[in-house]
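Just so we're aligned, residue 16 is where the sequence shown starts under the working numbering, counting upward by one.
Glycine included, C-beta positions come from ideal geometry on N, C-alpha and C.
Written below as structure tokens is the structure these notes are about.
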Amino acid sequence: MTEPFRPAADGVRTRLFQVIFESDTPLAKGFDIALILVILASVLVVMLDTVDHLSAAYGEWFYWLEWGFTLAFTVELVVRLIILDKPLRYLRSFYGVIDVIAILPTWLMLLLPGTQTLVIVRLLRVLRIFRVLRLMQFVGEGRLLVEALLRSWHQIFLFLFTMFLLVTLFAALVYMIEPAEAGFSSIPTAIYWAIVTLTTVGYGDIVPVTPLGQAISTLVMLIGYSIIAIPTGVFSAEVIRSIRADRYSEQACPGCGHDRHEQRALYCLKCGTWLDEETPDPHLAEQARDTSRD
């Protein structure tokens, strides 16, 4: 468990820390909500600036607004670092890295024009809403999904590797059958067609024109429909396994050997035996006291 952040000193720094890093007061919650709204506004400006007619009409406004947002976020980051007792530890934290990345693109624009579009990464700062709305308990649910994905990565990798082999074989076959005029000018181009067909996307920019090529396309599409649920099934099985691992204990009952008990269970579900072998059953001790009194 990571050590919580602390203010550098009492006084103004402590009051600023309570507003910026906490969310248990109306002022602190108001600051977080205002920060999220400003983040969303800055991302909206970047998005609108990519629309040609809006950029032509309001490009200068968008430019200065983006610099205004960047300066505000830069000052905010500096204030965060000043009021902390260990500012470098904050910079290495998840939110600290996001805060730095959020302002870098605009400053890099001075050296590398065109990098301002990367400001979209600023949207990650909206993750602070989990703290504002007291949603941090859902982070544990996200952890289950990540763990399930990590445990199933080898099955998914094997599936993707098999799909790559099938795609390459079908692409090479269609490349030999179809004329170059149909768009199959190379095997990589044919691989692109096979992937689009296998995933049932079907852009239609490259289409077989020979009967045999069309028959192969039909086969590829049917294979795509039949296997599209495989990675979903693998991942779902791992998620269910993670949920069961969090809910159930592997401890076996000393009486009957049953090992599917909930984590907080005290007695066996099947035979009623006290599960904790290191401590005595309090009910038996109470019954012994009652018997001795009688």
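Inset, instruction - Determine the contact status of residue 98 and residue 32, defining contact as a CB-CB distance below 8 Å. - result: Residue numbering aside, residue 98 sits at position 83 when the sequence shown is read from its first letter. Residue numbering aside, residue 32 sits at position 17 when the sequence shown is read from its first letter. In this structure, residue 32 lies closer than 8 Å to residue 98 by Cβ.
Inset, instruction - For the alpha helix (DSSP H) containing residue 102, list its first residue and its last residue. - result: As a position in the sequence shown, residue 102 is number 87, starting the count at 1. Run containing residue 102: 102-106, per the alpha helix (DSSP H) assignment.
Inset, instruction - Answer yes if the stretch 210-225 comes into contact with the stretch 237-247, meaning at least three C-beta pairs across the two stretches below 8 Å, and no otherwise. - result: yes
Inset, instruction - Starting from residue 71, trace the alpha helix (DSSP H) both ways and give me its first and last residue. - result: Position 56 of the sequence shown, counted from the start, is the residue given in the question as residue 71. Residues 67-98.
Inset, instruction - Using DSSP bridges, identify the partner residues of residue 22. - result: As a position in the sequence shown, residue 22 is number 7, starting the count at 1. 99, per the DSSP bridge assignment.
Legend entry - Among 77, 167, 115, 52, the one whose alpha carbon lies nearest that of residue 90: Translated into positions along the sequence shown, residue 90 becomes position 75. For residue 90, the nearest C-alpha among the options comes from 115.
Legend entry - residue 26 versus residue 94: straight-line alpha-carbon distance, rounded: On the sequence shown, position 11 is the one that residue 26 refers to. On the sequence shown, position 79 is the one that residue 94 refers to. Between the alpha carbons of residue 26 and residue 94 lies a distance of about 14 Å.
Inset, instruction - Quick one: grab the DSSP three-state call for residue 116. - result: Indexing the sequence shown from 1 puts residue 116 at position 101. Looking at residue 116 - three-state DSSP - the assignment turns out to be helix.
Legend entry - DSSP state of residue 30 mapped onto helix, strand, coil: Indexing the sequence shown from 1 puts residue 30 at position 15. Helix.
Legend entry - Residue range of the unbroken alpha helix (DSSP H) whose run includes residue 213: Within the sequence shown, residue 213 is the residue found at index 198, counting from 1. From DSSP, the alpha helix (DSSP H) with residue 213 extends over 202-213.
Legend entry - Distance between beta carbons of residue 224 and residue 208, contact taken as under 8 Å: Here residue 208 corresponds to residue number 193 of the sequence shown, with the count starting at 1. Here residue 224 corresponds to residue number 209 of the sequence shown, with the count starting at 1. That pair is no contact at about 12 Å.
Inset, instruction - Assuming residue 80 and residue 60 form a contact by the criterion Cβ under 8 Å, report the distance between their Cβ atoms to the nearest whole angstrom. - result: The residue you call residue 80 lines up with position 65 of the sequence shown. The residue you call residue 60 lines up with position 45 of the sequence shown. Contact holds; Cβ gap of about 5 Å.
Inset, instruction - Could you say which of 210, 227, 226 lies nearest to residue 219 if we only look at CA atoms? - result: On the sequence shown, position 204 is the one that residue 219 refers to. Of 210, 227, 226, the smallest CA-CA separation from residue 219 is found for 210.
Legend entry - Any chain D beta carbon closer than 8 Å to residue 59: Of the protein chains in this structure there is only one, and it is not chain D.
Legend entry - CA-to-CA distance, residue 112 to residue 140, given in whole angstroms: For the purposes of this step, residue 140 is taken as residue 125 along the sequence shown, with counting starting at 1. For the purposes of this step, residue 112 is taken as residue 97 along the sequence shown, with counting starting at 1. Approximately 10 Å, taken between the alpha carbons.
Legend entry - For residue 126, the three-state DSSP class (helix, strand or coil): As a first step, residue 126 must be located in the sequence shown, where it is residue number 111. Here residue 126 sits in coil by DSSP.
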